[in-house]
Structure formats: structure tokens, C-alpha cells
Amino acid sequence: MSKQKLIAGNWKMNGSLVANEALVRAIAQGMGDADCTVAVCVPAAYLEQVNKLRAGTRLELGAQDVSRYEQGAYTGEISAGMLREFGVRYAIVGHSERRHYHGETDDTVAEKAKTALAHGITPIVCVGETLAEREAGNTQEVVKRQMAAVIHTNGHCISEVVVAYEPVWAIGTGKTATPEQAQEVHALLRAQLKAATTHSDRIHILYGGSMNAGNAQSLLAQPDIDGGLIGGASLKANDFLQIIQAGANRK
Ligand code: 13P
Numbered sequence: 006m007s008k009q010k011l012i013a014g015n016w017k018m019n020g021s022l023v024a025n026e027a028l029v030r031a032i033a034q035g036m037g038d039a040d041c042t043v044a045v046c047v048p049a050a051y052l053e054q055v056n057k058l059r060a061g062t063r064l065e066l067g068a069q070d071v072s073r074y075e076q077g078a079y080t081g082e083i084s085a086g087m088l089r090e091f092g093v094r095y096a097i098v099g100h101s102e103r104r105h106y107h108g109e110t111d112d113t114v115a116e117k118a119k120t121a122l123a124h125g126i127t128p129i130v131c132v133g134e135t136l137a138e139r140e141a142g143n144t145q146e147v148v149k150r151q152m153a154a155v156i157h158t159n160g161h162c163i164s165e166v167v168v169a170y171e172p173v174w175a176i177g178t179g180k181t182a183t184p185e186q187a188q189e190v191h192a193l194l195r196a197q198l199k200a201a202t203t204h205s206d207r208i209h210i211l212y213g214g215s216m217n218a219g220n221a222q223s224l225l226a227q228p229d230i231d232g233g234l235i236g237g238a239s240l241k242a243n244d245f246l247q248i249i250q251a252g253a254n255r256k
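Counting from 6, one number per residue, gives the positions in the sequence shown under the numbering used here.
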């Protein structure tokens, strides 16, 4: 039987106390005992609220970023230790929006993954090419470079990370990579991870980029796609629940 898939919602900068409550309750109730791991990565301001709402359910909690530093004079930053105090199990690192709008480099992303791991938080490391990079035929080179930095900094601990392949041109655009396009990059990443650790099979490699209720099944059926990182569709309980069902192992 294949390993349990991981279906993670990335709320990005969306939500409100009222909306979150309805969404989390609907997800926690609707997912029932679906045979997959489900997480929501929420804005830091709502971690405490969502951590309380999910109490007693199988829903896992994630953050959308983490500081590379332990503590100190880093205004605006949130440390891995702080996230742990709010039940955080996952932290997205290196999302393309942070690379693009906040100037995060491959090295910063690698350091953030290392700090998260040191605190028992699983980093969800995002990699992916822009449209210009794909059209120039540089997809493999870009994705491998981004992944190599994280492997280099994290050594044998690389087997503890989650990877998310998110082609930048597919994020929030409604343009999804075809299952074949995604699988091709996932297989490349798997091979790169295999060269770095004997435990590469257990690493979850998620696909992200306009995944929705309609396309989830075919993407998740690919041999190296171990789950999804879902933006827009994770804000709608019914859509997210359909993706969860698509990712659940049949009993
Ligand atoms: P969308 O699902 O909205 O395209 O976002 C994908 C994403 O960036 C998840 O991290």
C-alpha cells in the first residue's frame, strides 16, 4: 500500500476570526477518518485560534514561514520555538511569494529548513520555476539548484523534510501543470533526494499550483506525487474536502 498522502492548505494572507472558525470546523468534521494527513498552514496571527479549534481532531497545524534565527533583535520575525508553543507541526519555507516579494534566497530557505528541523517542525520546502525559466528550458536546472541548497545545509536530516513542487506559473493562475509535467519534475526531485539519503522514499513530495477538486485525482495518482499544497481551493471547505477525499487511500 502506498504511503499516506499529505494534503496541506496554504491560506496565504486570508482569513478572519469568524471565517476561520467556520472553515476549520467544516474541514475537521468533513475529513472524518480519511486515510491521509491533513494540515492547514494559517497566518501567524491565527495560530492560537486554529490550534484551539482543531483540538481533539486529526487536523494538523502549519505556519507559512519561520525565522532562520533562534531569538533576539529580529523585528517582525517569529521563531521556530514560538511556533512549537502553538502546536505547529509544519512550516512552509521558501514559498515563491516569499522568494519573490521578500527576497528570500536559496541559502535563506535552506537555513530556515534547518532551524525548523532543530525544533521538531517539519519544513515544507517549496521549489519551482517561473514561466520565463520554463520557456527558456531551465526548469530542471532551477529546481535542482533550489533543492541542492537545502540538501547541502541539512545533510542526512533531509529525509525529514517535505518538498513541494510549485511551478510559479501555475500558482493562483488556474493553469495547472499536467500530471505528466508535474510527475516529470517530481521524479527528478526524487532522484536528487535519493542520491542524498537512503530514506528518500519516505519523503513526501507535494504538488502545488491551482490544484482543485477537479484535477486533484489525476495529479495525486502519479507515482511521485505524495500530496498537495493547496492555496485558493483550501479556503473553500467543500473544495478542500474533495481534494482530501482524492488523496485518501481507499480502505
Ligand atoms: P493556488 O492553489 O491558489 O494556485 O496556490 C498554490 C500555492 O501557492 C500553495 O502554496
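All residues carry an ideal CB built from backbone N, CA and C; glycine is no exception.
Note on geometry: alpha-carbon atoms of K57 and G35 lie some 18 Å from one another. Just measuring C-alpha positions, the residue of K117, Y51, A33 sitting nearest N19 is Y51. Ranked by how close their Cα comes to the Cα of C131, the residues E109, G142, T80, F91 have E109 in first place.
The C-alpha of G61 lies about 15 Å from the C-alpha of V93. The beta carbons of G177 and G237 sit closer together than 8 Å.
Taking C-alpha positions only, L194 is separated from G219 by approximately 25 Å. Across the structure, A85 and I129 are spaced so that their CA atoms are roughly 13 Å apart. Remark: C-beta atoms of Y170 and A153 do not approach each other more closely than 8 Å. Within the region 163-242, complete alpha helix (DSSP H) segments of at least 4 residues are found at 184-201, 221-225, given in chain order. The region 78-166 contains, as complete beta strand (DSSP E) runs of 3+ residues, the segments 93-98, 127-132 (chain order).
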